[in-house]
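Below is one structure, written out as structure tokens; the observations come after it.
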Amino acid sequence: MSATIRLTTAQALVRFLAAQYSERDGERHRLVPAVWGILGHGNVAGLGQALLQAATTEEADLPYYLARNEQGMVHTAAAYAKMRDRLQAFACTASTGPGSTNMVTGAALATTNRVPVLLLPSDMFATRAPDPALQQLEDTRGGDVTVNDALRPVSKYWDRVTRPEQLVPAALAALRVLTDPAETGAVTLCLPQDVQAEAHDWPEGFFRERVWHVDRPEPDPEALARAATVLRRARRPLVVAGGGTVYSRATEELRAFAEETGIPVADTHAGKGAVPWDHPCAVGGIGATGARSANTLAAEADVVLGVGTRYSDFTTASHTAFLNPDVEFVNLNVARLDAAKHAAYQLVADARAGLRALRRELDGWQVEPTHRDRARALARDWVRNTDACFAADHRPLPAQTAVLGALNDTLDERDVVINAAGSMPGDLQMLWRARDPKAYHVEYAYSCMGYEIASGTGVKLADPDREVVVLVGDGSYLMMAQEIVTMVSEGVKVVIVLVQNHGFASIGSLSEELGSQRFGTSYRYRDPDTGLLEGDVLPVDLAANAASLGARVIKAHGIADLREAITRARAADTTTVVHVETDPKAPGPPSSGWWDVPVSEVSELDSTNDARASYDLHKRTQRHYL
Numbered sequence: 000m001s002a003t004i005r006l007t008t009a010q011a012l013v014r015f016l017a018a019q020y021s022e023r024d025g026e027r028h029r030l031v032p033a034v035w036g037i038l039g040h041g042n043v044a045g046l047g048q049a050l051l052q053a054a055t056t057e058e059a060d061l062p063y064y065l066a067r068n069e070q071g072m073v074h075t076a077a078a079y080a081k082m083r084d085r086l087q088a089f090a091c092t093a094s095t096g097p098g099s100t101n102m103v104t105g106a107a108l109a110t111t112n113r114v115p116v117l118l119l120p121s122d123m124f125a126t127r128a129p130d131p132a133l134q135q136l137e138d139t140r141g142g143d144v145t146v147n148d149a150l151r152p153v154s155k156y157w158d159r160v161t162r163p164e165q166l167v168p169a170a171l172a173a174l175r176v177l178t179d180p181a182e183t184g185a186v187t188l189c190l191p192q193d194v195q196a197e198a199h200d201w202p203e204g205f206f207r208e209r210v211w212h213v214d215r216p217e218p219d220p221e222a223l224a225r226a227a228t229v230l231r232r233a234r235r236p237l238v239v240a241g242g243g244t245v246y247s248r249a250t251e252e253l254r255a256f257a258e259e260t261g262i263p264v265a266d267t268h269a270g271k272g273a274v275p276w277d278h279p280c281a282v283g284g285i286g287a288t289g290a291r292s293a294n295t296l297a298a299e300a301d302v303v304l305g306v307g308t309r310y311s312d313f314t315t316a317s318h319t320a321f322l323n324p325d326v327e328f329v330n331l332n333v334a335r336l337d338a339a340k341h342a343a344y345q346l347v348a349d350a351r352a353g354l355r356a357l358r359r360e361l362d363g364w365q366v367e368p369t370h371r372d373r374a375r376a377l378a379r380d381w382v383r384n385t386d387a388c389f390a391a392d393h394r395p396l397p398a399q400t401a402v403l404g405a406l407n408d409t410l411d412e413r414d415v416v417i418n419a420a421g422s423m424p425g426d427l428q429m430l431w432r433a434r435d436p437k438a439y440h441v442e443y444a445y446s447c448m449g450y451e452i453a454s455g456t457g458v459k460l461a462d463p464d465r466e467v468v469v470l471v472g473d474g475s476y477l478m479m480a481q482e483i484v485t486m487v488s489e490g491v492k493v494v495i496v497l498v499q500n501h502g503f504a505s506i507g508s509l510s511e512e513l514g515s516q517r518f519g520t521s522y523r524y525r526d527p528d529t530g531l532l533e534g535d536v537l538p539v540d541l542a543a544n545a546a547s548l549g550a551r552v553i554k555a556h557g558i559a560d561l562r563e564a565i566t567r568a569r570a571a572d573t574t575t576v577v578h579v580e581t582d583p584k585a586p587g588p589p590s591s592g593w594w595d596v597p598v599s600e601v602s603e604l605d606s607t608n609d610a611r612a613s614y615d616l617h618k619r620t621q622r623h624y625l
């Protein structure tokens with residue numbers, strides 16, 4: 000009979016996680032390097048005790064980080080995993096009830112972005128001895144329903160461990176999904192609080208060092224031949240580089256592929272920097288907020304090679320970007336779900352392995368010189384557009400594009416820029432000049448307000464040698480500013496550029512385009528005469544708020560002042576917030592894409608009726624790619 004070790008379920012889980020590793024291309028990492036958490040009555044005596052015991056003895060090495068918001072700590076974990084190319088994943092523990100449900104939004108973000116996080120929400124008593132316990136949901140449909148069931152649809156794997164011995168298969172299944180690039184996302188193991196503290200005799204083999212090998216699947220030879228045939232007959236092909244290119248570390252392979260074939264490369268948010276912005280084949284961001292250079296080529300393309308992209312509606316401009324009636328798609332993706340989109344020729348493979356195979360298959364083939372030259376001319380023209388946006392001299396308050404210009408000029412090419420929501424992701428995709436695939440960190444799969452500051456900690460922990468610059472609007476700042484406290488307490492130095500425009504600039508602009516006249520999008524007093532939020536600007540001092548959370552604060556007045564403030568913030572040794580006011584109505588970059596946001600079909604407002612007429616025109620170009 001094999002030897003056993005008597006531990007609680009929580010102690011066993013901590014010891015198990017500390018012994019797990021990932022490996023790819025001979026590069027080995029601790030799979031779960033630490034646990035984030037907020038302890039409460041559901042986990043303080045279970046996982047909390049186990050983590051304390053691990054920290055004060057030599058039985059396991061699993062550090063603990065204290066967060067200030069459960070959603071925030073999942074964002075931190077997601078950003079870390081994204082920065083580490085999905086080869087490492089933090090675990091996150093929360094107490095029962097609201098602590099656990101606070102993680103739902105973070106879980107949805109991780110799963111939508113296809114990045115691994117391990118969630119360990121506490122759950123109600125498995126024995127049901129004290130029913131109804133504090134924070135327990137009583138569901139008349141069944142006694143086994145708890146609030147943690149809300150995590151099921153946003154998790155790639157979900158399990159509830161109601162007996163200690165169930166942890167063995169559940170933990171192994173959880174790590175299988177965490178390390179599967181085709182399936183990864185949020186992985187949830189619900190842990191009833193009584194089970195966490197319950198002892199069991201565990202087989203020693205459960206705690207042995209285990210290496211999870213992340214493979215590089217090769218494309219099927221017949222599928223590869225079909226894809227090459229389609230590409231060889233193309234006259235106006237286009238590559239769309241997505242996040243899978245970066246996670247696979249296929250950027251060098253993509254550049255070589257582009258140079259050898261001459262096919263222009265457009266990028267998504269997650270793929271930006273896979274080919275440097277000034278590379279001869281780079282044509283900029285694509286889609287609803289893409290560069291005119293990329294969107295012009297997309298409209299003409301007869302073959303689109305998607306590499307590691309999931310083709311969100313922003314990438315396809317809500318199915319209006321690719322206008323050639325005969326356009327065909329070849330999709331190289333490790334996930335069959337994405338490889339099959341748009342009735343494509345499927346190359347189900349690792350991005351690096353697939354590109355390498357395509358290079359061999361297309362050896363000696365190149366696009367026609369006229370197509371290559373046209374792509375380069377369009378890219379040069381867009382560079383001039385970008386220069387003009389960066390240099391915008393809007394008064395009295397600067398335009399947001401000028402803020403981006405100041406950042407672009409001031410930051411090093413390895414500095415990481417973080418953003419997620421509002422109008423800035425669109426401006427960044429159109430204008431930002433990324434040369435390093437890890438220097439552009441824009442979460443635009445879930446586009447979650449509140450991600451920015453929390454993620455700054457994760458990015459800095461993932462790569463401490465880089466300067467990390469969080470670019471956040473006042474709307475997102477107010478969603479989750481408290482994670483500044485976490486940065487300060489952990490000694491994590493991040494630069495936060497806080498753009499104050501007194502409202503939701505992005506939704507305000509969209510509202511105006513859709514005929515709703517910026518209704519409900521400004522931070523203002525309620526006008527007693529109209530009953531609308533259109534009175535004076537609220538006396539909110541976000542700079543003072545940031546200082547109260549422990550950050551150093553620099554107020555910048557205008558673009559010249561902003562440049563100097565960013566330089567000082569980069570040189571600082573503590574988290575520094577640079578506060579700058581902008582005009583939310585200042586002109587943005589010239590748009591060349593469309594996004595499908597339905598407009599009221601009937602209305603008594605002329606502005607809405609005009610917007611509906613424009614909407615109907617765009618709908619006529621929308622199509623399925625069959």
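Its first residue numbered 0, the sequence shown is counted upward by one per residue in numbering that gives the first Met the number 0. Every residue, glycine too, gets a C-beta built ideally from N, C-alpha and C. The structure displayed is predicted, hence computed values, not measured ones.
Beta strand (DSSP E) segment containing residue 385, residue limits | Counting along the chain, residue 385 falls outside any beta strand (DSSP E), though it belongs to the alpha helix (DSSP H) covering 368-389.
Just how far apart, CA to CA, sit residue 448 and residue 537?
Looking at the two C-alpha atoms, the distance is approximately 21 Å.
*When the Cα of residue 17 is compared with those of 170, 3, 297, which residue comes out closest?*
Nearest of 170, 3, 297 to residue 17, Cα basis: 170.
Q. Hey, out of 566, 616, 242, 60, whose CA is closest to residue 411's CA?
A. Measuring from the Cα of residue 411, the nearest candidate turns out to be 566.
| Closest by CA to residue 400, which one among 390, 409, 408? | Distance from the Cα of residue 400 is smallest, within the candidate group 390, 409, 408, for 390.
- [ ] Kindly give me the distance between the Cβ atoms of residue 264 and residue 297, rounded to whole angstroms, as I take these residues to be in contact under 8 Å.
- [x] Between residue 264 and residue 297 the beta-carbon gap is near 12 Å, outside 8 Å, which marks them as no contact.
| task | State buried or exposed for residue 235, treating a residue as buried only when at least 16 other CB atoms are found within 10 Å of its CB. | result | Answer is buried; the Cβ neighbour count reaches 16.
Where does residue 3 sit, in a helix, a strand or coil, going by DSSP?
In the three-state reduction of the DSSP assignment, residue 3 falls in the strand class.
Would you report the Cα separation of residue 380 and residue 180, rounded to the nearest angstrom? Linking residue 380 to residue 180 through their CA atoms gives a straight-line distance of about 37 Å.
- Message: By alpha-carbon positions, which one of 178, 237, 201, 197 ends up nearest to residue 212?
- Response: Looking at the Cα atoms, 178 is the closest of the given residues.
9 Å Cβ cutoff met for residue 187 and residue 151: For residue 187 and residue 151, yes; Cβs fall inside 9 Å.
message = Whole angstroms are fine: how far does the CA of residue 132 sit from the CA of residue 334?
response = Rounded to the nearest angstrom, the two C-alpha atoms are 42 Å apart.
**Q.** Endpoints, beta strand (DSSP E) assigned at residue 434
**A.** For residue 434, there is no enclosing beta strand (DSSP E), as DSSP marks it with neither H nor E.
Query raised in the report: Starting from residue 554 and walking both ways along the beta strand (DSSP E), at which residues does that stretch end?
Result: Judged by DSSP secondary structure, residue 554 falls within the beta strand (DSSP E) whose first and last residues are 551-555.
**Q.** Under 9 Å between C-beta atoms of residue 148 and residue 3
**A.** No, they are not a contact pair.
Own chain residues within Cβ distance below 7 Å of residue 353, not counting five before or after: Within the same chain, residue 353 has close Cβ partners 218, 331, 346.
- request: Return the CA-CA distance between residue 172 and residue 197, expressed in angstroms with no decimal places.
  value: One C-alpha to the other measures close to 21 Å.
Threshold first: 3 residues or longer. Then list the beta strand (DSSP E) segments lying entirely within the region 98-156, N to C. With a minimum length of 3 residues, the continuous beta strand (DSSP E) runs that stay inside the region 98-156 are 116-122.
Next on the checklist: I need the boundaries of the alpha helix (DSSP H) containing residue 245, first residue and last residue.
Outcome noted: It spans 242-246 - the alpha helix (DSSP H) in which residue 245 sits, taken as one unbroken run.
ask   = By the 10 Å Cβ neighbour count, where 16 or more other Cβ atoms means buried, how is residue 482 classified, buried or exposed?
value = By the 10 Å Cβ count, residue 482 comes out buried.
Requested in this report: Mind checking which residues open and close the beta strand (DSSP E) that includes residue 27?
Outcome: Run containing residue 27: 26-29, per the beta strand (DSSP E) assignment.
query: Where does residue 521 sit, in a helix, a strand or coil, going by DSSP?
result: Three-state result, residue 521: strand.
Requested in this report: For residue 63, write down the residues that DSSP places opposite it in a beta bridge.
Outcome: 34.
Among the residues of its own chain, which have a CB less than 8 Å from the CB of residue 124, if the five just before and after it don't count?
Apart from sequence neighbours up to five positions away, the residues of its chain that approach residue 124 with a beta-carbon distance below 8 Å are 130, 132, 191, 192, 193, ordered along the chain.
Notebook entry, point to check: Should residue 488 be labelled buried (16 or more other beta-carbon atoms within 10 Å of its own) or exposed?
Noted result: In the assembly as shown, residue 488 is an exposed residue. Its beta-carbon has fewer than 16 other beta-carbons within 10 Å.
Got a sec? Which residues, its chain only, sit under 6 Å from residue 109 by beta carbon, not counting five neighbours each side? Exclusion of the five residues before and after residue 109 leaves 77, 116, 184, 185 as the residues of its chain whose Cβ lies within less than 6 Å of its Cβ.
Length at least 4, wholly inside the region 171-250: the alpha helix (DSSP H) runs in chain order
DSSP runs (the alpha helix (DSSP H)) wholly in the region 171-250: 192-195, 220-231, 242-246.
Below 8 Å on the Cβ atoms is my guess for residue 576 versus residue 552; work out the distance and round it to an integer in Å.
Contact holds; Cβ gap of about 5 Å.
* Should residue 524 be labelled buried (16 or more other beta-carbon atoms within 10 Å of its own) or exposed? -> Residue 524 is exposed by the Cβ-count criterion.
Using a C-beta cutoff of 9 Å, does residue 69 count as contacting chain E? Looking at the structure shown, chain E is missing, and only one protein chain is on hand.
| query | Whose CA, out of 95, 237, 529, lies closest to the CA of residue 305? | reply | Ranking the options by Cα distance to residue 305, first place goes to 237.
Margin query: Which residue wins for smallest C-alpha separation from residue 153, given the options 102, 164, 138?
Written below: Cα-wise, what sits closest to residue 153 is 102.
To which residues of the same chain is residue 366 closer than 7 Å at the C-beta, ignoring the five residues directly before and after it? So the list reads 236, 260, 261, 262, once near-sequence residues are dropped.
Among all the DSSP beta bridges, which residues are the ones paired with residue 302?
Residue 302 is bridged to 236, 327.
Inset, instruction - Note the first and the last residue of the continuous beta strand (DSSP E) segment covering residue 266. - result: First-last of the beta strand (DSSP E) with residue 266: 264-266.
> Is it right to say residue 26 is buried, meaning 16 or more other beta carbons lie within 10 angstroms of its own, or is it exposed?
Replying inline: Classification for residue 26: exposed.
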